[in-house]
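Numbering (the working numbering), first residue to last: 323 to 738.
Even for Gly, the Cβ is constructed at its ideal location relative to N, Cα and C.
So the structure is just underneath, and the comments pick up after that.
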Ligand SMILES: [Zn+2]
């Protein structure tokens, strides 16, 4: 009887020039080798066995938790044709599929409307995150399910908190050291911050001369106010359905930044405006006159599209542009003096306040998977196919898709 040895080259030495703690752990424990030249992780028997277990656990969570059918078709077109072939008779059972492709798990699903599609997408991410949460410790594998707004759609990510810069799959994110919340730059913030001076009596609004104060820093210096007691304007251009240029004035509290991705989504959804872009001084002059450096939400010209961020809700005795060159208005209160449409349009930066009262800090996070949802066009497009069918009543189609991929390799690097 012969006995075979498993190739398990444990070593006390971390591979040279490798910053990824996940790679280091796998190499040291003999689960993988690393080709520094190509950046490839070479899975050895123990590492591969672990990958197969992980992949199996995730596929099981998807099928048991969300009804995803595990198939082996090899490509998206083949899965699409499966759905097309069986959807009439099997309905929901033929609209959600997952399959292992190399070191990834591909996800494809369709749904009848955007609300149920989004609910389905969230349920999927929750199920995967929950399945991973059971895995023990190591390189900060506390999987977080994080949303980000991009190109008019939301993308959902599964991220591992904290990995070194340069780690495989690392991307810039933010972590709140107080509560552990994880966000990406354009993630929804989902709360309204506390306002300074909330208990103060409301002052009277008054115009004050602020010569040359066309930046927030200069304004705060001139008036001796904290940046949280100011509201700043960001001006852009967007286009209506007839390609007419419209000026867009967006406002955030002085210590917040604006997310063009979130603003773009709001403009598309709420005002039917597209093509959001920055504007130069000359253009702004043409559209709103000489007040560009002194724009405020009180008394903007009526043809300007206005939206304020959640961070201005309940602002008290704050400083805003007076829409008059060289002037600002002090003592302004929301909603007494201005009551514009409000939306979450802020971008996270170092120091953005968290709902818990802490402040977000920049950190690298490891992207382990993402799904994108898409409202499908009326005809097939590259990468997205339109699945539709009519039931006996002639009313039932699947105009919305969920397309995603989980990287079992990156999950493996985060698991110990
Ligand atoms: Zn927090």
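Under 7 Å: does the beta carbon of residue i sit that close to some heavy atom of ligand 1?
i           : result
residue 503 : yes
residue 729 : no
residue 668 : no
residue 680 : yes
residue 684 : no
residue 677 : yes
residue 395 : no
residue 509 : no
residue 498 : yes
Within 10 Å of its beta-carbon, does residue i have 16 or more other beta-carbons around it, so buried, or fewer, so exposed?
i           : result
residue 354 : buried
residue 371 : exposed
residue 391 : buried
residue 326 : exposed
residue 407 : exposed
residue 388 : buried
residue 491 : buried
residue 274 : In the structure as shown, the chain begins at 323 and stops at 738. Residue 274 is therefore absent and cannot be evaluated.
residue 535 : buried
In whole angstroms, what is the alpha-carbon distance linking residue i and residue j?
i           : j           : result
residue 607 : residue 384 : 55 Å
residue 615 : residue 580 : 16 Å
residue 386 : residue 419 : 13 Å
residue 339 : residue 489 : 12 Å
residue 413 : residue 426 : 26 Å
residue 462 : residue 643 : At residue 462 the pLDDT is 47, less than 50, meaning the model places this residue with poor confidence and gives no usable figure here.
residue 479 : residue 503 : 14 Å
residue 523 : residue 654 : 12 Å
residue 450 : residue 467 : 9 Å
residue 473 : residue 395 : 30 Å
residue 428 : residue 729 : 9 Å
residue 551 : residue 622 : 20 Å
residue 531 : residue 647 : 9 Å
residue 598 : residue 663 : 18 Å
residue 636 : residue 554 : 15 Å
Determine, using beta carbons only, whether residue i comes closer than 8 Å to chain C.
i           : result
residue 441 : Absent from the structure: chain C. Only one protein chain is present.
Are the CB atoms of residue i and residue j nearer to each other than 8 Å?
i           : j           : result
residue 684 : residue 496 : yes
residue 559 : residue 605 : yes
residue 573 : residue 620 : no
residue 562 : residue 609 : no
residue 584 : residue 618 : no
residue 693 : residue 506 : no
residue 510 : residue 666 : yes
residue 626 : residue 481 : no
residue 578 : residue 640 : no
residue 493 : residue 689 : yes
residue 484 : residue 341 : no
residue 575 : residue 633 : yes
residue 628 : residue 571 : yes
residue 733 : residue 376 : yes
residue 549 : residue 538 : yes
residue 365 : residue 373 : yes
residue 682 : residue 498 : yes
residue 442 : residue 725 : no
residue 719 : residue 434 : yes
Please tell me whether, using a cut-off of 7 Å, the distance from the CB of residue i to the nearest non-hydrogen atom of ligand 2 is below it.
i           : result
residue 633 : In the structure shown, ligand 2 is absent; the only ligands present are ligand 1.
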